[in-house]
Amino acid sequence: MEAAAVAARRTVRQVRVAAILEHNKAFTNFAFDTGNKSLAFSPAFRNQTFDNYLSFWFSISDIVAETCKEMNYVDYKLCLATLNSDPKSHSADLHRLEVISIRVIQTNASRLSMHVATLLRDVGRRGGRTRSALHACLELYEGTAVGMQKAKKYMKAKNYSEVHSELSSAVQVPDACEQMFKKMKVNSVLTKQNEIFTELTLIGIALYDMLIDK
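Numbering (my numbering), first residue to last: 16 to 229.
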(Lines of atoms letter the chains of each structure in order from A; the text may use other names.)
(Lines give C-alpha, C1' and ligand atoms only; values in the text may rest on other atoms or scores of the structure.)
Protein backbone atom coordinates (compact mmCIF):
# COMPACT_ATOMS: atom_id res chain seq x y z
CA MET A 16 0.00 0.00 0.00
CA GLU A 17 1.32 3.42 -0.89
CA ALA A 18 2.48 5.70 1.91
CA ALA A 19 -0.18 8.31 1.13
CA ALA A 20 -2.94 5.73 1.32
CA VAL A 21 -1.65 4.42 4.62
CA ALA A 22 -1.50 7.95 6.03
CA ALA A 23 -5.03 8.61 4.84
CA ARG A 24 -6.30 5.47 6.54
CA ARG A 25 -4.68 6.48 9.80
CA THR A 26 -6.24 9.94 9.60
CA VAL A 27 -9.67 8.42 9.06
CA ARG A 28 -9.06 6.05 11.96
CA GLN A 29 -8.18 8.92 14.30
CA VAL A 30 -11.29 10.86 13.28
CA ARG A 31 -13.40 7.76 13.84
CA VAL A 32 -12.34 7.42 17.47
CA ALA A 33 -12.04 11.13 18.30
CA ALA A 34 -15.54 11.38 19.73
CA ILE A 35 -14.99 8.34 21.91
CA LEU A 36 -11.71 9.67 23.24
CA GLU A 37 -12.98 13.20 23.88
CA HIS A 38 -13.71 12.50 27.51
CA ASN A 39 -10.87 10.04 28.02
CA LYS A 40 -8.87 10.77 31.18
CA ALA A 41 -6.46 8.96 33.49
CA PHE A 42 -8.16 6.03 35.18
CA THR A 43 -8.49 5.85 38.96
CA ASN A 44 -8.59 2.67 41.01
CA PHE A 45 -9.88 0.16 38.50
CA ALA A 46 -9.16 -3.38 37.40
CA PHE A 47 -9.74 -5.39 34.27
CA ASP A 48 -9.69 -9.11 33.71
CA THR A 49 -7.17 -10.50 31.24
CA GLY A 50 -8.56 -14.02 31.35
CA ASN A 51 -5.90 -15.51 33.57
CA LYS A 52 -5.18 -12.70 36.02
CA SER A 53 -6.74 -9.56 37.47
CA LEU A 54 -4.71 -6.37 37.28
CA ALA A 55 -5.39 -3.45 39.60
CA PHE A 56 -4.38 0.04 38.52
CA SER A 57 -3.66 2.87 40.95
CA PRO A 58 -4.47 6.53 40.15
CA ALA A 59 -2.65 7.62 36.99
CA PHE A 60 -0.84 4.26 36.98
CA ARG A 61 1.60 5.40 39.66
CA ASN A 62 1.63 2.17 41.67
CA GLN A 63 5.28 1.14 41.90
CA THR A 64 4.56 -2.59 42.06
CA PHE A 65 2.55 -2.39 38.87
CA ASP A 66 5.25 -0.29 37.20
CA ASN A 67 7.81 -2.96 38.04
CA TYR A 68 5.48 -5.60 36.65
CA LEU A 69 5.21 -3.72 33.37
CA SER A 70 8.97 -3.18 33.25
CA PHE A 71 9.44 -6.93 33.44
CA TRP A 72 6.94 -7.43 30.61
CA PHE A 73 8.66 -4.78 28.50
CA SER A 74 12.02 -6.53 28.81
CA ILE A 75 10.73 -9.90 27.60
CA SER A 76 8.30 -8.75 24.94
CA ASP A 77 9.78 -6.29 22.47
CA ILE A 78 7.16 -7.09 19.81
CA VAL A 79 4.41 -6.07 22.22
CA ALA A 80 6.24 -2.89 23.26
CA GLU A 81 6.86 -1.85 19.66
CA THR A 82 3.28 -2.62 18.68
CA CYS A 83 1.84 -0.64 21.57
CA LYS A 84 4.07 2.34 20.72
CA GLU A 85 2.40 2.56 17.32
CA MET A 86 -1.06 2.94 18.88
CA ASN A 87 -1.19 6.71 19.25
CA TYR A 88 -4.72 6.85 20.68
CA VAL A 89 -4.41 3.90 23.11
CA ASP A 90 -3.00 3.99 26.64
CA TYR A 91 0.46 2.48 26.35
CA LYS A 92 0.56 0.73 29.72
CA LEU A 93 -2.91 -0.72 29.33
CA CYS A 94 -1.87 -2.00 25.90
CA LEU A 95 1.19 -3.69 27.41
CA ALA A 96 -0.88 -5.29 30.15
CA THR A 97 -3.52 -6.50 27.72
CA LEU A 98 -1.23 -8.10 25.16
CA ASN A 99 1.18 -9.53 27.69
CA SER A 100 -1.66 -11.37 29.42
CA ASP A 101 -0.68 -14.24 27.13
CA PRO A 102 2.76 -15.64 28.03
CA LYS A 103 3.41 -16.42 24.36
CA SER A 104 2.95 -12.81 23.26
CA HIS A 105 6.72 -12.16 23.14
CA SER A 106 6.95 -14.39 20.07
CA ALA A 107 3.59 -13.47 18.54
CA ASP A 108 2.87 -11.80 15.21
CA LEU A 109 0.14 -9.20 14.67
CA HIS A 110 -2.44 -11.88 13.95
CA ARG A 111 -1.78 -13.58 17.28
CA LEU A 112 -1.77 -10.27 19.15
CA GLU A 113 -5.20 -9.51 17.72
CA VAL A 114 -6.43 -12.91 18.93
CA ILE A 115 -5.13 -12.08 22.41
CA SER A 116 -6.85 -8.69 22.32
CA ILE A 117 -10.15 -10.22 21.26
CA ARG A 118 -9.91 -12.80 24.03
CA VAL A 119 -9.40 -10.07 26.63
CA ILE A 120 -12.36 -8.08 25.24
CA GLN A 121 -14.55 -11.18 25.39
CA THR A 122 -13.47 -11.99 28.95
CA ASN A 123 -14.21 -8.46 30.10
CA ALA A 124 -17.59 -8.39 28.34
CA SER A 125 -18.52 -11.60 30.16
CA ARG A 126 -17.26 -10.26 33.49
CA LEU A 127 -19.16 -7.02 32.99
CA SER A 128 -22.32 -8.95 32.20
CA MET A 129 -22.00 -10.81 35.50
CA HIS A 130 -21.30 -7.54 37.31
CA VAL A 131 -24.40 -5.92 35.83
CA ALA A 132 -26.50 -8.96 36.73
CA THR A 133 -25.33 -8.57 40.34
CA LEU A 134 -26.22 -4.88 40.29
CA LEU A 135 -29.69 -5.75 39.02
CA ARG A 136 -30.23 -8.09 41.94
CA ASP A 137 -29.03 -5.42 44.36
CA VAL A 138 -31.24 -2.70 42.86
CA GLY A 139 -34.36 -4.85 42.99
CA ARG A 140 -37.64 -3.40 41.83
CA ARG A 141 -37.25 -0.09 43.63
CA GLY A 142 -34.85 1.53 41.17
CA GLY A 143 -37.05 1.31 38.11
CA ARG A 144 -35.13 3.68 35.82
CA THR A 145 -31.71 2.46 36.91
CA ARG A 146 -32.94 -1.09 36.47
CA SER A 147 -34.06 -0.33 32.90
CA ALA A 148 -30.66 1.12 32.03
CA LEU A 149 -28.87 -1.85 33.58
CA HIS A 150 -31.02 -4.29 31.62
CA ALA A 151 -30.06 -2.52 28.39
CA CYS A 152 -26.36 -2.60 29.30
CA LEU A 153 -26.60 -6.27 30.21
CA GLU A 154 -27.98 -7.09 26.78
CA LEU A 155 -25.26 -5.00 25.13
CA TYR A 156 -22.40 -6.71 26.94
CA GLU A 157 -23.85 -10.19 26.59
CA GLY A 158 -24.13 -9.55 22.87
CA THR A 159 -20.54 -8.32 22.77
CA ALA A 160 -19.28 -11.49 24.46
CA VAL A 161 -21.03 -13.52 21.77
CA GLY A 162 -19.65 -11.22 19.09
CA MET A 163 -16.10 -11.68 20.32
CA GLN A 164 -16.55 -15.45 20.24
CA LYS A 165 -17.47 -15.06 16.58
CA ALA A 166 -14.50 -12.74 16.07
CA LYS A 167 -12.13 -15.44 17.32
CA LYS A 168 -13.53 -17.84 14.74
CA TYR A 169 -13.19 -15.17 12.04
CA MET A 170 -9.58 -14.64 13.07
CA LYS A 171 -8.90 -18.34 12.70
CA ALA A 172 -10.32 -18.16 9.17
CA LYS A 173 -8.49 -14.86 8.54
CA ASN A 174 -11.81 -13.27 7.68
CA TYR A 175 -10.66 -9.83 8.76
CA SER A 176 -13.64 -7.91 7.39
CA GLU A 177 -15.96 -9.79 9.76
CA VAL A 178 -13.50 -9.27 12.61
CA HIS A 179 -13.67 -5.54 11.92
CA SER A 180 -17.46 -5.67 11.95
CA GLU A 181 -17.52 -7.28 15.39
CA LEU A 182 -14.92 -4.89 16.80
CA SER A 183 -16.75 -1.89 15.38
CA SER A 184 -19.90 -3.04 17.16
CA ALA A 185 -18.02 -3.64 20.41
CA VAL A 186 -16.42 -0.19 20.51
CA GLN A 187 -19.88 1.43 20.46
CA VAL A 188 -21.22 -0.59 23.40
CA PRO A 189 -19.80 1.48 26.30
CA ASP A 190 -21.19 4.74 24.93
CA ALA A 191 -24.54 3.08 24.18
CA CYS A 192 -24.65 1.86 27.76
CA GLU A 193 -23.90 5.34 29.11
CA GLN A 194 -26.58 6.83 26.89
CA MET A 195 -29.17 4.50 28.41
CA PHE A 196 -28.55 6.02 31.85
CA LYS A 197 -28.87 9.50 30.36
CA LYS A 198 -32.09 8.49 28.66
CA MET A 199 -33.46 7.23 31.98
CA LYS A 200 -32.21 10.46 33.65
CA VAL A 201 -30.20 8.64 36.31
CA ASN A 202 -26.51 8.62 37.15
CA SER A 203 -24.54 5.85 35.53
CA VAL A 204 -23.14 3.20 37.86
CA LEU A 205 -20.95 1.79 35.08
CA THR A 206 -18.96 4.80 33.86
CA LYS A 207 -15.61 3.52 35.11
CA GLN A 208 -16.16 0.06 33.62
CA ASN A 209 -17.36 1.53 30.33
CA GLU A 210 -14.23 3.70 30.04
CA ILE A 211 -11.98 0.69 30.54
CA PHE A 212 -13.92 -1.35 28.02
CA THR A 213 -13.65 1.46 25.47
CA GLU A 214 -9.86 1.38 25.78
CA LEU A 215 -9.75 -2.40 25.38
CA THR A 216 -11.81 -2.28 22.20
CA LEU A 217 -9.63 0.50 20.79
CA ILE A 218 -6.62 -1.77 21.21
CA GLY A 219 -8.41 -4.39 19.12
CA ILE A 220 -9.28 -1.86 16.43
CA ALA A 221 -5.73 -0.50 16.34
CA LEU A 222 -4.38 -4.03 15.85
CA TYR A 223 -6.88 -4.62 13.06
CA ASP A 224 -5.70 -1.47 11.30
CA MET A 225 -2.10 -2.62 11.60
CA LEU A 226 -3.00 -6.01 10.18
CA ILE A 227 -4.59 -4.61 7.05
CA ASP A 228 -1.96 -1.88 6.63
CA LYS A 229 1.01 -4.22 6.70
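Beta carbons are placed, not taken as given, at the ideal position from N, Cα and C, and that holds for glycine.
My assumption, with CB atoms under 8 Å, is that residue i sits in contact with residue j. Please give the rounded CB distance.
i: residue 149; j: residue 134; result: 6 Å
i: residue 160; j: residue 121; result: 6 Å
i: residue 101; j: residue 115; result: 5 Å
i: residue 98; j: residue 229; result: Going by Cβ atoms, the distance from residue 98 to residue 229 rounds to 17 Å, so no, they are not a contact pair.
i: residue 151; j: residue 195; result: 4 Å
Using only the alpha-carbon positions, how far apart do residue i and residue j sit?
i: residue 77; j: residue 96; result: 13 Å
i: residue 199; j: residue 146; result: 9 Å
i: residue 215; j: residue 119; result: 8 Å
i: residue 179; j: residue 162; result: 11 Å
i: residue 80; j: residue 86; result: 10 Å
i: residue 89; j: residue 143; result: 36 Å
i: residue 226; j: residue 139; result: 45 Å
i: residue 181; j: residue 136; result: 29 Å
i: residue 219; j: residue 169; result: 14 Å
i: residue 222; j: residue 205; result: 26 Å
i: residue 210; j: residue 189; result: 7 Å
i: residue 129; j: residue 203; result: 17 Å
i: residue 104; j: residue 166; result: 19 Å
i: residue 207; j: residue 93; result: 15 Å
i: residue 91; j: residue 183; result: 21 Å
i: residue 193; j: residue 201; result: 10 Å
i: residue 83; j: residue 175; result: 20 Å
i: residue 113; j: residue 197; result: 33 Å
i: residue 177; j: residue 126; result: 24 Å
i: residue 111; j: residue 217; result: 17 Å
So is residue i buried or exposed if we call it buried at 16+ other beta carbons inside 10 Å?
i: residue 213; result: buried
i: residue 185; result: buried
i: residue 124; result: buried
i: residue 106; result: exposed
i: residue 191; result: exposed
At 4 residues or longer, what runs of the alpha helix (DSSP H) sit wholly inside the stretch 85-172? 91-98, 109-138 and 143-171
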